[in-house]
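Asker: Mapping to numbering that gives the first Met the number 0: the sequence shown position 668 is 667, numbers consecutive. All C-beta atoms, glycine included, are put in the ideal place defined by N, C-alpha and C. Note that the structure is a prediction, hence the values are computed from the model and not measured.
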Amino acid sequence: MTVCYEKFLQQKVCVAPTYGFEVDPSQVNPSMKPHCRAIVPWLLAGGRRALFASFGLHKTVIQLEFVRLASEHAGGRGLITLPLGVVQEFRRDAVQRLGWAEPPRFIRSIEEAGETGVYLTNYETVRDGKLDPREFVATSLDEADVLRGFGGSKTFREFMRLFAGDDRQAGIKTEGIRYRLVATATPSPNDYIELLAYAAYLCVMDVGAAKTRFFKRNSEKADELTIHPHKEEEFWLWVASWALFIQKPSDLGFSDEGYTLPDIDLHWHELPSDHRHAGVEKDGQGRLFSNAAIGVQDAARVKRTSLDARIGKVAEILREERASVMPNMIPQDLPAPGEPGSAPYCDGLPDQVVIWCDLNSEQVAIEKALDAEGISYSSLTGSMDVALREKLVDQWRNKETTVFLSKPVMYGAGVNLQQCHTMIFAGIGFKAKDVLQAVHRIQRFQQTHQCTAHFIHTEAERDIRRQLEKKWRQHNRQADKMTQIIREFGLAHAAMAQHLARSFGVERVQASGEHYTVVNNDCVLETQQMQADSVHLILTSIPFGNQYEYSPSYNDFGHTDDSEHFWQQMDFLIPELYRVLQPGRVAAIHVKDRITPSGISGMGFQVVEPFSDQCVAAFRKHGFGFLARKSIITDVVRENNQTYRLGWTEQCKDGSRMGAGMPEYLLLFRKPPTDRSNGYADVPVVKSKDDFTRPRWQFDAHGFMRSSGNRPLMPEDLDGLEQAAIFQLFKKHSLENVYDFRHDVMIAEHVDKSGWLPSKFMLLQPQSWHPDVWTDITRMLTLNSSQAAKGREQHICPLQFDIVDRAIEQFTMPGEVVYDPLGGIGTTTARAVQLPS
């Protein structure tokens, strides 16, 4: 291995960079719990870190202490950005738990802040440009899962620009705010996109690079990621280098005393539905039964028609709770009306209650029902200012009111409501995450009672209930999985580099047989050992930059940061390919241009990265001549299912956003012959005219055959035919007739009206007569297809048989050597051996 190549590979090793500073443990607030005092120095040492802690593990005080110490170290002010509903939590914990003389101030503009200190603001204030976080030296995002929308959300884009210094729209990259913390409950171990969004925000690793390094992608669905089995340990060790997962204090070696999660008793209350309001199907057919799960409009209709019944059930539950207490009440034990410290015996209820609703109309109706029952409440709405909300929450916390009434979207996350243990949902919906978060306002560590949650739904919402229960079970399984991951991989940052520094190189394995030799090795090192001018054709499908990674070795070409980094590694291979190829012979390279998502491009829409042009430039740089670009047509409908950039609906909204289907290419390069006077290869590829006749040459050059169809295909000719027959008939029509765009669209529209035009692939594909545009490639005819049937597929972007066969037949003679340096699954070798020549 050359020194330069070895150094290049060593630079691929990656752990999270550190931006922080060491802090003396004595500087950490001594009133914090032991596990909290251990976490704060780890976060400060990293400088830009994530805290994923389960409900009730004191994320609030950890954030306050992180921002305080970081801002004091940097000599400036600190900012915590949070949902409005948790402002009071931070202010109260700063005084009661940390012993601050004054609570942190909530601000909406920089004019309200001093030169030092810790301040609070809400997400909307930052996102809408009212407060610039760059005026602060240390920041924390509470309930940071707002970033999970990645490039598609305004919040993510603005926070990447303002906090991380990554303005993709303007193309400007700065350091951003030096000290950054994100804090939220433990994310789902399967929600990889959320984790990658945090990594990007903290400047640990670009999302695209992380996808390539750790995941194989679902080619049918954009951004659906599956972790490579051989990458799982490396992935979690990498995550643990910048994120702290904690389910219990014992995960960090501390006692779990007082941290046992209480049980929760779930009660489902189903109400009958009025099926007279079931609605109709799209074709006008009336429905027999109401079903809220059919769509958003149906769910809203069910909510409207069941409002009175659901609110009545809320009142009934409260009356039952009151009845369970009333017989045991002793009048003289009740506090006098208006006495501070308690609503009179919780207005006859055994405990305070939290009631959740989703709509303003529901909240108003519940308020009226509570008034009718003589039950006091603190009802919080989005239209209230912060001061009024704090006053109402304080009244409930001081037990001056019995019911806490609000919406999960406002107070379902971050707020500690565990002074009570009963909760009522006045309705259910599709957002399981909101429900789970809301439940954990009372089911938390250090809750001293068993919890109870009532869910009210209608008969028409049974499917929604089933989905909610299913997602709840998934959540519990995923929490168990995360606990196992923490226990298996640990959290010690000092060990990360040692674990991640995988051994370089590949154990060389060679297998040979009649007419072939296959070697498993780094192709750069292997090609360096080959004799000069020893192969007659180079035919390979190179990795499409860092889009995929094929093995756990850092030698892997897919294990690169970006396209520039990929071509740097190719700069070690291409000169060796030039050296071993005979003068005058061809290197045929299979490539495809890449799509850059809108959130990454900075332009607000998806753009094409001209990867094929980069390939041409790279080969030309090392002496190859560029001969030709053969286009291989792909299926535009399948491509849209992969990238979501060519949608029919989007075309109708704004045709200016529409790109086009991306063909693959076979790029043909030639090494100059020794004698450059006539351009012939040192060993020309000679064809016998007896075998390669003039007619064969003419038809092969033009690439199409005409037949005697005597009229154009009409739409009605396709009636009653299966899709396979429709495809073949349209292909024949397309090749045999002068192209008529409107006529072909008319045929497709007729097929669509009959219900036969699929949405997953393109049935009526335009055909080409040109020899450099190959529309007849059988895309499923690959070694990957047969391997997948056996459950052994590993190659991610296989090369089609047709492409390999044609290139070998055109550019070699029998008995010559074909070389595929990036062998993948071995398609080139298999086809070269099987061809008659």
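Quick check on the burial criterion: 16 or more other C-beta atoms within 10 angstroms. Buried or exposed for N397?
Answerer: With fewer than 16 other Cβ atoms within 10 Å, it is exposed.
Asker: Check for me: the alpha helix (DSSP H) holding W842 runs from which residue to which?
Answerer: Since the first residue shown for the chain is 0 and the last is 836, residue 842 is missing from the structure and cannot be characterised.
Asker: Hey, quick one: how far does the beta strand (DSSP E) through G591 stretch, first residue to last?
Answerer: Contrary to the premise, residue 591 reads as Lys rather than Gly in this sequence. Note, K591: beta strand (DSSP E), 580-591.
Asker: Quick check on this structure: which residue in E513, G512, V518 has the alpha carbon closest to the alpha carbon of E506?
Answerer: Selected option, being the one with the closest Cα: V518.
Asker: At which residues does the beta strand (DSSP E) containing Q509 begin and terminate?
Answerer: That run of the beta strand (DSSP E) goes 508-512.
Asker: Does the structure place the segment 201-209 close enough to the segment 119-132 that three or more beta carbon pairs sit under 8 Å?
Answerer: These segments do not touch.
Asker: Three or more C-beta pairs under 8 Å: does that hold for the segment 409-423 against the segment 82-101?
Answerer: Touching, yes, given that three or more Cβ pairs across the two stretches are closer than 8 Å.
Asker: Under the rule that 16 or more other beta-carbon atoms within 10 Å means buried, what is C345, buried or exposed?
Answerer: Buried: at least 16 other Cβ atoms inside 10 Å.
Asker: Report the rounded CA-to-CA distance for L43 versus D205, giving the unit in angstroms.
Answerer: Taking the straight line from one Cα to the other gives about 22 Å.
Asker: So what does G77 bridge to, in DSSP terms?
Answerer: Bridge partners of G77: V117, A137.
Asker: Under three-state DSSP, which class holds D165?
Answerer: The answer is strand: DSSP assigns D165 an E or B state.
Asker: Taking C-beta to C-beta, are I631 and L665 nearer than 8 Å?
Answerer: Yes, these two residues count as a Cβ contact at 8 Å.
Asker: Classify I263 as helix, strand or coil using the three-state DSSP reduction.
Answerer: Three-state result, I263: strand.
Asker: In chain order, what residues of the same chain have a beta carbon less than 6 Å from the beta carbon of D521, not counting five sequence neighbours either side?
Answerer: If we look at D521 and ignore the five residues flanking it on each side, its Cβ neighbours are V505, N554.
Asker: Which whole-angstrom value describes the C-beta separation of F424 and H453, a residue pair presumed to lie in contact below a C-beta threshold of 8 Å?
Answerer: With a Cβ gap of about 7 Å, F424 and H453 count as contacting.
Asker: Does the Cβ-Cβ distance between L78 and T124 come in under 8 Å?
Answerer: No, Cβ-Cβ distance for L78 and T124 is not below 8 Å.
Asker: For K681, which of K670, P582, G622 has the nearest alpha-carbon?
Answerer: One detail in the question is off: residue 681 reads as Asp in this sequence, not Lys. Checked all of K670, P582, G622; the closest Cα to D681 is P582.
Asker: If you draw a straight line from the alpha carbon of L358 to that of I455, how long is it in whole angstroms?
Answerer: Approximately 14 Å, taken between the alpha carbons.
Asker: Pull up the CB-CB distance for S377 and L404, whole angstroms please, since I reckon it's below 8 Å.
Answerer: Contact holds; Cβ gap of about 7 Å.
Asker: Return yes when the Cβ of L538 is within less than 8 Å of the Cβ of V816, no when it is not.
Answerer: Against a cut-off of 8 Å, the Cβ pair of L538 and V816 comes out as no contact.
Asker: Just verifying my parser: in three-state terms, what is the DSSP assignment at A335?
Answerer: Legend: pLDDT at A335 = 44, less than 50; position of this residue unreliable, no value from coordinates given.
Asker: Roughly how many whole angstroms lie between the Cα atoms of D592 and L667?
Answerer: Their Cα atoms are separated by approximately 16 Å.
Asker: Please state the DSSP three-state secondary structure of V832.
Answerer: Residue state, collapsed to three classes: helix.
Asker: Please name the residue in S272, T827, D561, Q446 whose C-alpha comes closest to that of G55.
Answerer: Of the listed residues, the one whose Cα sits closest to G55 is Q446.
Asker: Comparing C-alpha positions only, which one of E575, R461, I541 sits nearest to G825?
Answerer: Of the listed residues, the one whose Cα sits closest to G825 is I541.
Asker: Report, in whole angstroms, the separation of the C-beta atoms of T401 and V352, which I expect to be a contact under 8 Å.
Answerer: With 8 Å as the limit, T401 and V352 qualify as a contact, their Cβ atoms being about 6 Å apart.
Asker: Enumerate in chain order the residues of its own chain whose CB-to-CB distance from R67 is below 7 Å, with the five nearest sequence positions on each side excluded.
Answerer: Answer for R67: G77, V117, listed in chain order.
Asker: Measuring straight from C-alpha to C-alpha, what distance separates E269 and G426?
Answerer: Each residue's Cα considered, the two are about 10 Å apart.
Asker: Drop a sphere of 10 angstroms on the beta-carbon of P813, count the other beta-carbons inside from all chains shown, and report buried for 16 or more, exposed for fewer.
Answerer: With fewer than 16 other Cβ atoms within 10 Å, it is exposed.
Asker: With a CB to CB cut of under 6 Å and the five nearest residues on each side skipped, what residues in its chain are close to S533?
Answerer: V579, listed in sequence order.
Asker: Just curious, the beta strand (DSSP E) that C202 is in, first and last residue?
Answerer: Segment: none, C202 is in no beta strand (DSSP E) and carries neither H nor E.
Asker: Counting C-beta neighbours from all protein chains within 10 Å, is the total for R47 16 or more, i.e. buried, or is it exposed?
Answerer: Burial call: buried.
Asker: Is the Cβ-Cβ distance between F7 and Q568 less than 8 Å?
Answerer: It is a contact, given that the beta carbons lie within the stated cut-off.
Asker: Report the rounded CA-to-CA distance for T828 versus P228, giving the unit in angstroms.
Answerer: T828 and P228: Cα-Cα distance of roughly 27 Å.
Asker: If you run the structure through DSSP and keep just helix, strand and coil, what is W566?
Answerer: The answer is helix: DSSP assigns W566 an H, G or I state.
Asker: Alpha carbons only, please: which of R805, Q442, Q417, P407 is nearest the one belonging to K430?
Answerer: Looking at the Cα atoms, P407 is the closest of the given residues.
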